[in-house]
Structure formats: structure tokens, C-alpha cells
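So for the sequence shown, my numbering puts the first residue at 1048; every next one is plus one.
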Amino acid sequence: MQKGFLTPLLIGIIVILIAAVAFFVFNNQKTKGTSESGISGTFDINGTVPQGATIAVSQKPAHVKGAAYQEIISGVSPQDKAGWSFADAESGKSYEIQGVMTLNGQKLYESDPIFITAPATDEVLVFNVESQNPKGTAVLSGSLDLNGYIPQGATVTLQGKTQNDPSFISYAQNIPAKDLQPVSYNDAIAGLGYTVQAVLYDGNGVQIGISPEAQVVAPAGNEVFAINSTAQPPVTPTPTTASNTPTPTPANSAISGAINFNGAAQQNTRIVVFQRVTGTGNFQVAVDNIQPVNGAAWSWAGATAGTTYDVLAILKQHQSNGTDQDISDSNSITVAAPASNESLTINSGFSLPAAGGTISFSCGNYNAGGNNWSGSISFQSINNAQSYWFQIGTTNGGDDLTNQTANATNTTSQIQNLTFNNGVIYYARYAYANVPNVPAYSSQFSPFSQTTSYRCAQ
């Protein structure tokens, strides 16, 4: 073959290869951009689901007055851990998302709305579907998340109760106190609601930790029972060369985890993790210069085993004058060292995390003439909050009874006095801001808390 013919042939092949690579890279970038601008997650379905039931997922912009839910997907078979996605979510925009289970056009269950800034992954919509006629046996199962020093011989008891039980009943005892240890109760009643928690005991039977209460409907799986141990480790001897007597030194142990980052990171931003010993004053830097990306790992090696800490993360933006501006705070967690797999969630579209306080209903006095109750709802006060936004209604996330704001009172709880119709289920939630006189729908408010429901009945 002549040399003059070979050169154009090689040039042609190279041009084709370059074009193919460019096309592949361009399409990969398009695909990546689409996935990074969406919101996706899974369903956590507990309880008995009637045959033929389906799930629809809807969204609306967060904290926008007059915004109505728009359906994202519908007709989804209610399978536990099945996925859902909102591909058209705009990067940097915050949404309120809710799932609704229906049967023959009738609502069976509404999940708690979740507040998410796009893009985001691994967001969970929880369904606890109770039956009008609970029957048959079912399993409640999960695993332990143990933090802190666990002494030799320690065990865990799984306990629970239904609405008809006056106190907790032991469901399983002498469970090995190991992190990630599976736990289960095999004699639950399908379709019945339970309050379940795990209790940690040392080898002498003394309680040294207890998990938060979990509200579930049987059957339920994949529940996580997090326990912070209050036990103190023995002092670890450190050999010295000066004498044959070891010098006691306290043991150190790390707290580590990952950042669940939702939203778009602005330029010149980073994440800083802060810590303080629980019950003390100001937070101190634990880990600095964490990249604002979902799944970013963090680890603080300065913790002392057996000590309990408050830990949070803040998205910060470096300013041209050399200072930092706080953009978004994560949720605060309380955890005993050592601990691992701790998650700190940041939604870059909100400056504050959702309210995490308790909500308690009081039915008060029954009014026979009006067939209603003169009751109240108590919302646990949030540290540094100066404004609150309350929504109370007859649907999950609804506000047909109350949709109002109020400046904070200097009390442990914020009280709303209301009239409840007899036999009607009401749902309550709240948000907060760290400045006074904030109007409803302001971006200064945090996301809403999880809802709490209750029914006053004669």
C-alpha cells in the first residue's frame, strides 16, 4: 500500500474515534446532569396493605403560599423498599413531597411530608398502615445501633406496647449487645400499631441506655434502635519506661459518619462539623474542610470513650473579606463515643434543620352540646427560636384548623388552645425561625417537623 494513501486513512480513523469519544462524554454528562437535578428515594411500608392498593407521590414548592400538590407518579404497587423518583426537580430548589396510598379511590394512608432540596437521593416516605380488624401473627424486626462503651456481658431487651397496654412489655430478652445485632419480635399482630424501644443493660442487670420510641405497625422491618451507652470504660494502663508501674490514661475513641447533603453547593463553600460535650456551652470545631457533596465522610478522633457529645454540621461560604457566612445547619445528634455511621443531613435550601421537638395533644373537657373538646397542643420549644409557625388540620400536613405564626414565649413548650371535633383525627406540625415577627411562608422558617396525630373521642 502506498504511503500517500495510508496517511489520509489514519487521519480519517482518528477523526471518527474523536467524534465517538466526544459523543459518549457529552451523553454521559447529560445523563449525570439529569440525575443530579432530581430527587429520589424509597418507600418504608409497615403494616397490612390491602390487595389492589396503590401509591401516588406528589410534590409542591416548599413554603410557597397557595402552592398545590402536583402528582409525580401514580399507580405504584406498595412494595417495601421500592423506589420512587422526581426527575424534574430543579437543582437548588426546595420541595415538600408526600406519598398517598389509596384503594378504589379512597385514601388509606398519607405519609408524613418530607422537605428536600434538590438534588437528593435516598429520601424515605414512611407508611404505617393499620388494619380495622388486626389479625394473624407478624414480625417486628430491625437492628441495634450501639454507641459508647459497651461492657462485657451487656445485653439488650426489646420491649413494646399497643394502645391497649398500660406499660411496656418485654418482647425479647438477653439479646447480645453488639452493634448491628438483629432484633425481632415474632408474635406481633398484623395490622396493629406498636410503640417499640430497646433497652441496654450491663452484666449486673443495671440499665445503661435506652433507644427512642419507634411507632410502627406490624409487620415492620429494617427498624434501627439507636442506644447511647452511659457506661464508663475502665482506665487503660499505659506502660512507661520510667518505672515498672503503668500510668493510667483515659481511652480515646472516634465518632465518625457521613454527610447527607441535599441541594446545590455554592462557590467557596465547605462543611464544618462541630462538637460539644452534652450539657456544656459553646460548640468547638471537630472536622473542617469537608467537601459539600452527598456521602462525604467525616471522622473526629478527639472524642473520649464513654462521653456523650452533641454533634452538628454547618455549610459555610468563604466571603471576599476573609470571613465565613453560615448557609445551612444540619440536624444535631447526641451520641456517645465511640460511634460510627452517624448521619448529618444538610438541605442547602434551608438555613435551619427541621424542628425535632415533641408534640403532645390534650383533649381537655368534652362539650356534649357541641360534640367537641376544648383542648390544646403543646409544641416543645426549640433552642434560640424566636418565631414559630403552626399548622394543624384533618389531613397529614393540612392546615384547615390552624395556620398561624407566633413569637416565642419563654417557656419549655409553645401552647395552642383549640377546639377538636369528637372522633376526628387531627395532625399537627411546626416550624421555627431564629428571628422574631417572621410571617408564614417566609424562607427564614425551617422545614416543618414530622407530624403527630391524635383523636379525642367520647
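C-beta: ideal position from N, C-alpha, C; glycine also. Small disclaimer: the values here were computed from a predicted structure and weren't measured.
Residue i vs residue j beta-carbon contact at 8 Å
i       : j       : result
Ser1300 : Ala1350 : yes
Ala1455 : Gln1461 : yes
Ile1236 : Ala1267 : no
Ile1406 : Thr1441 : no
Gly1094 : Asn1211 : no
Gln1224 : Val1203 : The sequence shown places Ala at residue 1224, not Gln. Yes.
Gly1139 : Ala1165 : yes
Thr1325 : Thr1381 : yes
Thr1101 : Thr1149 : yes
Ile1306 : Ser1276 : no
Top-ranked residue by Cα proximity to residue i, from the options
i       : options                            : result
Phe1272 : Gln1206, Gly1146, Gly1304          : Gln1206
Ala1383 : Ser1390, Gly1404, Asp1357          : Asp1357
Tyr1232 : Pro1223, Ala1219, Asp1447          : Ala1219
Gly1445 : Thr1089, Glu1143, Ile1092, Glu1118 : Glu1143
Tyr1156 : Ser1421, Gly1238, Gly1416, Val1482 : Gly1238
Ser1428 : Thr1452, Gly1403, Leu1448, Trp1420 : Gly1403
Phe1308 : Ser1276, Leu1391, Thr1325, Asn1329 : Leu1391
Ala1360 : Thr1354, Ser1346, Ser1423          : Ser1346
Gln1497 : Ser1398, Asn1443, Pro1281, Gln1364 : Asn1443
Thr1459 : Pro1483, Val1263, Ser1425          : Ser1425
Cys1503 : Ile1222, Asn1414, Gln1314, Ile1318 : Asn1414
Thr1316 : Ser1375, Asp1169, Thr1449          : Ser1375
Gly1417 : Ile1161, Leu1448, Phe1397, Thr1466 : Thr1466
Thr1242 : Asn1221, Ser1493, Ile1216          : Ile1216
Ala1109 : Ala1453, Gly1396, Ser1500, Tyr1501 : Gly1396
Gly1085 : Asn1419, Asp1335, Glu1170          : Glu1170
Ala1312 : Val1334, Gln1338, Val1320, Gly1411 : Gln1338
One or two residues paired with residue i in a DSSP bridge
i       : result
Asn1175 : Asn1093
Gly1440 : Tyr1474
Thr1209 : Its beta-bridge partners do not exist; DSSP assigns none.
Ile1086 : Phe1133, Ala1167
Ala1265 : In the DSSP output, where bridge partners are listed per residue, Ala1265 has none listed.
Tyr1488 : None; Tyr1488 has no bridge partner.
Gln1313 : BP columns for Gln1313 are empty, so no partner.
Gly1304 : Trp1345, Glu1389
Lys1107 : Glu1143
Burial state of residue i, where buried means 16 or more other Cβ atoms lie within 10 Å
i       : result
Gln1106 : buried
Leu1057 : Bear in mind that a pLDDT of 44 at Leu1057, under 50, signals an unreliable position, so the model cannot answer this.
Asn1194 : buried
Gly1088 : buried
Val1072 : Legend: pLDDT at Val1072 = 37, less than 50; position of this residue unreliable, no value from coordinates given.
Leu1191 : buried
Gly1122 : exposed
Gly1422 : buried
Val1282 : exposed
His1365 : exposed
Gly1099 : exposed
Asp1159 : buried
Ala1344 : exposed
Secondary structure, beta strand (DSSP E): runs of 3+ residues fully inside the stretch 1338-1387: 1344-1347, 1355-1365, 1371-1376, 1380-1383
Could you give the uninterrupted runs of the beta strand (DSSP E) lying entirely in the stretch 1131-1207, keeping only those of 3 residues or more? 1141-1150, 1153-1157, 1161-1164, 1167-1176, 1184-1194
Could you name each continuous beta strand (DSSP E) segment of 3 residues or more that falls completely within the stretch 1441-1465, going from the start of the chain to the end? 1449-1454
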